[in-house]
Amino acid sequence: MTAGAALAADDAAALDDSGTITVTATRSPISIDDAPAVVTVIDEQRIADELVTDIKDLVRFEPGVSVRRAPARFGAALGTTGRAGNEGFTIRGIGGNRVLIQVDGVRVPDGFSFGAQGVGRGDYVDIGLVKSVEILRGPASALYGSDGLSGAVSFVTSNPSDILKDGQSFGGLVRGAYSSADEEYSGTAILAARGGTISGMVAYTRRDYKELDNKGTDDRTGSLRTTPNPQDGESDAVLGRLVWEPGGGHTVRLTGEYVDTALYSNVLSGISATVDRLEAWDTGKRVRAAADWTWQGEGAINYARVGAYWQDAEDHQYTEEDRTPAADRTRLNTFDNRVIGASAEFHAGFSTGALGHRLVFGGDVSETRQKGVRDGTVAPFGETFPTRAFPVTDYVLAGLYVGDEISIADGMVTLFPALRFDHYKLSPKDDPLLPAFAGAGQSDSRVSPKFGAVVKLGEAVRLFGNYGRGFKSPEPGQVNQYFSNLASGYTSIPNPDLGPEKSESIEGGLRVTSDVVRFEASVFHAKFDDFIEQVVVGGAGTALDPTLF
Numbered sequence: 140m141t142a143g144a145a146l147a148a149d150d151a152a153a154l155d156d157s158g159t160i161t162v163t164a165t166r167s168p169i170s171i172d173d174a175p176a177v178v179t180v181i182d183e184q185r186i187a188d189e190l191v192t193d194i195k196d197l198v199r200f201e202p203g204v205s206v207r208r209a210p211a212r213f214g215a216a217l218g219t220t221g222r223a224g225n226e227g228f229t230i231r232g233i234g235g236n237r238v239l240i241q242v243d244g245v246r247v248p249d250g251f252s253f254g255a256q257g258v259g260r261g262d263y264v265d266i267g268l269v270k271s272v273e274i275l276r277g278p279a280s281a282l283y284g285s286d287g288l289s290g291a292v293s294f295v296t297s298n299p300s301d302i303l304k305d306g307q308s309f310g311g312l313v314r315g316a317y318s319s320a321d322e323e324y325s326g327t328a329i330l331a332a333r334g335g336t337i338s339g340m341v342a343y344t345r346r347d348y349k350e351l352d353n354k355g356t357d358d359r360t361g362s363l364r365t366t367p368n369p370q371d372g373e374s375d376a377v378l379g380r381l382v383w384e385p386g387g388g389h390t391v392r393l394t395g396e397y398v399d400t401a402l403y404s405n406v407l408s409g410i411s412a413t414v415d416r417l418e419a420w421d422t423g424k425r426v427r428a429a430a431d432w433t434w435q436g437e438g439a440i441n442y443a444r445v446g447a448y449w450q451d452a453e454d455h456q457y458t459e460e461d462r463t464p465a466a467d468r469t470r471l472n473t474f475d476n477r478v479i480g481a482s483a484e485f486h487a488g489f490s491t492g493a494l495g496h497r498l499v500f501g502g503d504v505s506e507t508r509q510k511g512v513r514d515g516t517v518a519p520f521g522e523t524f525p526t527r528a529f530p531v532t533d534y535v536l537a538g539l540y541v542g543d544e545i546s547i548a549d550g551m552v553t554l555f556p557a558l559r560f561d562h563y564k565l566s567p568k569d570d571p572l573l574p575a576f577a578g579a580g581q582s583d584s585r586v587s588p589k590f591g592a593v594v595k596l597g598e599a600v601r602l603f604g605n606y607g608r609g610f611k612s613p614e615p616g617q618v619n620q621y622f623s624n625l626a627s628g629y630t631s632i633p634n635p636d637l638g639p640e641k642s643e644s645i646e647g648g649l650r651v652t653s654d655v656v657r658f659e660a661s662v663f664h665a666k667f668d669d670f671i672e673q674v675v676v677g678g679a680g681t682a683l684d685p686t687l688f
């Protein structure tokens, strides 16, 4: 759900006073019962009722959706098991960066893995600042572009109007929670105020937690250990928002968000005859600033939104390893994403003969600078620190989309065609940390269609179906991943010919809704092509003829 669409959803209750409204499914407000796809809306009340503390809790009752969180059993130079924390969402068996994740319409930074570095995506979002979450199953590229291979997850943060009741000029809330799974204590405080046409709010969430418990009973050090490795974590999250409503349907919002995490790990399972101590300190940070203008009114164009944002995310993983008889060593791996972007969206309502139309169209563009550093002491034989896993890269995504909701026979049949054109471009920079590596640039375009339909069989029963295509553009670290050790006989080469990963899905289902029950069943078939993986393409594995990846 985009930030502007969230505002539209706030005013869309007239569509269905007793139902739940989704925006992610079609980019315009629609009752969840009338959506042409399987979509879940988890509101703030359900988040509180289910005692949700993170994204893994969020989807524990959702069919076809999961979050991977492995036990922390990583190494200093090899092995990433558990280092990524809550790695991200998996929808219908496909996860990682192939699922689109947004906060108020802004993409969450990519996950990344290289050597002993594992960066997840789930800890960039704090549930304490979230008003609602929408989960769309199936390709989402026709409306949202790259990354929506198997689905999309949209987080929406709170507005002052969500805290202030009618007529209130000041209000707030305080809530706390405890989770025995990792001994987490969390607390959230929100304050909001309104004066004339201006309102504002600030929200703060604090979390303190330990390692995730399991059923292990062996407390020894070393690889046979089955109890969790000790961990000590904390996080702080702040959201500030200022809203101006001058009248005439206009709304202007300024938003600032800050999420900071820190985790210490004592990896006792990594102790061995040659490793005396293995400890790690991981930190993550995401900072976002955004401004948007929204208008709602009458006429052929009845909704408009223009927004811009800046976001900076950093992930640092530092490890110390004491060894015998080898020299002690450290590792510092970083992964940073800084993005600036803008978007515009418009809604229109009109009729052509007996057909009613609700049109949505718009576009968005963003440029991300992605970079990382591999550093430490006692580098592997044949390598030199500091270095990078890929050159500093500027990554542009731009797209235009249009979707329609066509009502036939007074809404007995509704069609949902959508089409999006996307262009992406990767521009690696000359990098002094990679003097022997020449990165390759890449650009390409993609058209993504989607078509859905809903047929009403009375007031309570609906048949729905959809066909769609998704894609994911190559990442900088896939096109230009760099690792070279000629002394050991291996090196990597860029691949500017990498194409996007693709998906194609068809789905049909039945939905029954009444005052006492809601039933939904669907059958889908999805095909995925051109997944990107690293393979050997040549070489003999010698210094003069190294193995090529």
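Quick note: to get my numbering, add 139 to the position in the sequence shown (first position is 1). Heads up, the beta-carbon is just placed ideally off N, CA and C, and yes, glycines get one too.
### Task
Report the three-state DSSP secondary structure of Thr616 (helix, strand or coil).
Here the question's residue 616 lines up with position 477 in the sequence shown. Here residue 616 turns out to be Gly, not Thr, going by the sequence shown. In this structure, Gly616 counts as helix in the three-state DSSP scheme.
#### Entry: Among Asp583, Thr523, Asp321, nearest to Phe622 - alpha-carbon criterion
Numbered from its first residue, the sequence shown carries residue 622 at position 483. Phe622 has its Cα closest to that of Thr523, out of Asp583, Thr523, Asp321.
### Query
Whose C-beta lies closer than 6 Å to the C-beta of Gly515 among residues of the same chain, with five residues either side of it excluded?
For the purposes of this step, residue 515 is taken as residue 376 along the sequence shown, with counting starting at 1. Closer than 6 Å at Cβ, skipping near neighbours: Thr469, Arg470, Leu471, Phe524.
### Query
Using the C-alpha atoms, what's the distance from Val499 back to His486?
If you number the sequence shown from 1, residue 486 lands on position 347. If you number the sequence shown from 1, residue 499 lands on position 360. A straight-line Cα-Cα distance of about 5 Å links His486 and Val499.
### Message
Please return the same chain residues whose Cβ sits closer than 7 Å to the Cβ of Gly284, not counting the five positions on each side in sequence.
### Response
Locating residue 284 in the sequence shown gives position 145, where the first residue counts as 1. So the list reads Leu536, Gly538, Arg559, Asp561, once near-sequence residues are dropped.
### Message
Going by the DSSP bridge assignment, what does Phe200 pair with across the sheet?
### Response
Start at 1 with the first residue of the sequence shown, and residue 200 comes out as number 61. Phe200 has no beta-bridge partner at all, per DSSP.
### Task
For Val292, collect the residues of the same chain with a Cβ closer than 6 Å to its Cβ; drop the 5 residues on either side in sequence, then sort them by chain order.
Here the question's residue 292 lines up with position 153 in the sequence shown. Cβ-Cβ distances below 6 Å link Val292 to Phe228, Ile240, Ile274 in the same chain, with the five nearest sequence neighbours on each side left out; the list follows chain order.
### Task
Find out if the Cβ-Cβ distance for the pair Thr394, Ala419 is shorter than 8 Å.
Looking up residue 394 in the sequence shown gives position 255. Looking up residue 419 in the sequence shown gives position 280. In this structure, the beta-carbon distance from Thr394 to Ala419 does not fall below 8 Å.
### Task
Use the C-beta contact count for Leu312: other C-beta atoms within 10 angstroms, 16 or more gives buried, fewer gives exposed.
Looking up residue 312 in the sequence shown gives position 173. Exposed: under 16 other Cβ atoms inside 10 Å.
### Query
If we count the other Cβ atoms within 10 Å of its Cβ and call it buried at 16 or more, is Ala465 buried or exposed?
Start at 1 with the first residue of the sequence shown, and residue 465 comes out as number 326. Only exposed fits Ala465, as fewer than 16 other CB atoms lie within 10 angstroms of its CB.
### Message
Nearest by alpha-carbon distance to Asp636: which of Leu602, Ser644, Gly580, Val238 is it?
### Response
Residue mapping note: residue 636 aligns to position 497 of the sequence shown, counting from 1. Comparing Cα positions, the closest option is Gly580.
### Task
Check whether the Cβ atoms of Val531 and Glu506 sit closer than 8 Å, and answer yes or no.
As a working mapping, residue 531 is identified with position 392 in the sequence shown. As a working mapping, residue 506 is identified with position 367 in the sequence shown. In this structure, Val531 keeps its C-beta atom at 8 Å or more from the C-beta atom of Glu506.
### Task
May I ask you to list the residues that DSSP assigns as paired with Tyr263?
Taking the first residue of the sequence shown as position 1, residue 263 is located at position 124. The bridge partners DSSP lists for Tyr263 come to none.
### Buried or exposed by the 16-neighbour rule on C-beta atoms within 10 Å, applied to Phe529
As a working note, residue 529 is residue 390 in the sequence shown. Around the CB of Phe529, 16 or more other CB atoms lie within 10 Å, so the residue is classed as buried.
### Query
Mapping DSSP to helix, strand and coil, what is Lys641?
Locating residue 641 in the sequence shown gives position 502, where the first residue counts as 1. The three-state secondary structure of Lys641, taken from DSSP, is strand.
### Helix, strand or coil at Ser308 according to DSSP, with G and I counted as helix
By one-based count along the sequence shown, residue 308 stands at place 169. Reduced to three states, the DSSP call for Ser308 is coil.
### Task
Along the beta strand (DSSP E) that carries Tyr324, what are the first and last residues, could you check?
Taking the first residue of the sequence shown as position 1, residue 324 is located at position 185. Start and end: 323–334.
### Query
Pro248 and Ala452 look like a contact to me (Cβ under 8 Å); what is the Cβ gap, rounded to whole Å?
Indexing the sequence shown from 1 puts residue 248 at position 109. Indexing the sequence shown from 1 puts residue 452 at position 313. At roughly 4 Å, the Cβ-Cβ gap stays under 8 Å, so Pro248 and Ala452 are in contact.
### Query
In or out: Ala279 buried (at least 16 other Cβ within 10 Å) or exposed?
The sequence position of residue 279 within the sequence shown is 140, counting from 1. Around the beta carbon of Ala279, a 10 Å sphere encloses 16 or more other beta carbons of the protein chains shown; the residue is thus reported as buried.
### Message
Would you say Leu649 lies against chain C (beta-carbon separation less than 8 Å)?
### Response
In the structure shown, chain C cannot be found, because there is only a single protein chain.
#### Entry: Thr327 versus Arg208 - alpha carbon distance
Residue 327 sits at position 188 when you count from the first residue of the sequence shown. Residue 208 sits at position 69 when you count from the first residue of the sequence shown. Distance between the alpha carbons of Thr327 and Arg208 is about 24 Å.
### Query
Around the Cβ of Ile329, are there at least 16 other Cβ atoms within 10 angstroms (buried) or fewer (exposed)?
Translated into positions along the sequence shown, residue 329 becomes position 190. Burial call: buried.
### Task
Return helix, strand or coil for Lys270, following the three-state DSSP convention.
In the sequence shown, counting from the first residue as 1, residue 270 sits at position 131. In the three-state DSSP reduction, Lys270 falls in the strand class (E or B).
### Query
Taking Val586 as the reference, which of Thr630, Ile266, Ala557 has the closest Cα?
Looking up residue 586 in the sequence shown gives position 447. It is Ala557 whose Cα lies nearest to the Cα of Val586.
### Query
Anyone know if the C-beta pair for Tyr403 and Asp371 falls short of 8 Å?
Position 264 of the sequence shown holds residue 403. Position 232 of the sequence shown holds residue 371. With respect to Asp371, Tyr403 sits close: the two C-beta atoms are nearer than 8 Å.
#### Entry: Status (buried if at least 16 other CB within 10 Å, exposed otherwise) for Leu378
On the sequence shown, residue 378 is found 239 positions in, with the first residue counted as 1. Buried, because 16 or more other Cβ atoms sit within 10 Å of the Cβ of Leu378.
### Query
By how many angstroms is the C-alpha of Ser252 removed from the C-alpha of Thr473?
Locating residue 473 in the sequence shown gives position 334, where the first residue counts as 1. Locating residue 252 in the sequence shown gives position 113, where the first residue counts as 1. Approximately 11 Å, taken between the alpha carbons.
### Task
Assign Lys568 to buried or exposed, taking buried as 16 or more other Cβ atoms, counted over all protein chains shown, within 10 Å of its Cβ.
On the sequence shown, residue 568 is found 429 positions in, with the first residue counted as 1. A residue is called buried when at least 16 other Cβ atoms come within 10 angstroms of its Cβ; Lys568 does not meet this threshold and is exposed.
### Query
Skipping 5 residues on each side, what residues in its chain have a beta carbon closer than 6 Å to that of Leu197?
Position 58 of the sequence shown holds residue 197. Taken in chain order, the residues that qualify are Val191.
### Message
For Gly257 and Phe658, what's the separation of their Cα atoms in angstroms?
### Response
Translated into positions along the sequence shown, residue 257 becomes position 118. Translated into positions along the sequence shown, residue 658 becomes position 519. The straight-line gap from Cα to Cα measures roughly 39 Å.
### Query
Straight-line CA distance for Val675 to Asp358?
Mapped onto the sequence shown, residue 675 falls at position 536. Mapped onto the sequence shown, residue 358 falls at position 219. The alpha-carbon atoms of Val675 and Asp358 are separated by roughly 40 Å.
### Ala236, buried or exposed, once every other Cβ within 10 Å from all chains shown has been counted against 16
For the purposes of this step, residue 236 is identified with residue 97 of the sequence shown, where counting begins at 1. The sequence shown places Asn at residue 236, not Ala. That one is buried.
### Own chain, CB closer than 6 Å to Ile194, minus 5 neighbours either side, in chain order
Position 55 of the sequence shown, counted from the start, is the residue given in the question as residue 194. Cβ within range, chain order: Val206, Asn225, Gly261.
### Message
Once DSSP output is grouped into helix, strand and coil, what is the label at Gly235?
### Response
Walking along the sequence shown from the start, residue 235 turns up at place 96. Three-state result, Gly235: helix.
### Task
Measure the Cβ-Cβ separation of Ala599 and Ser653 and say whether it is below 8 Å.
Counting from 1 along the sequence shown, the entry for residue 599 is found at position 460. Counting from 1 along the sequence shown, the entry for residue 653 is found at position 514. Cβ atoms of Ala599 and Ser653: closer than 8 Å.
### Query
Does DSSP put Ser318 in a helix, in a strand, or in coil?
In the sequence shown, the residue the question calls residue 318 occupies position 179. Three-state result, Ser318: strand.
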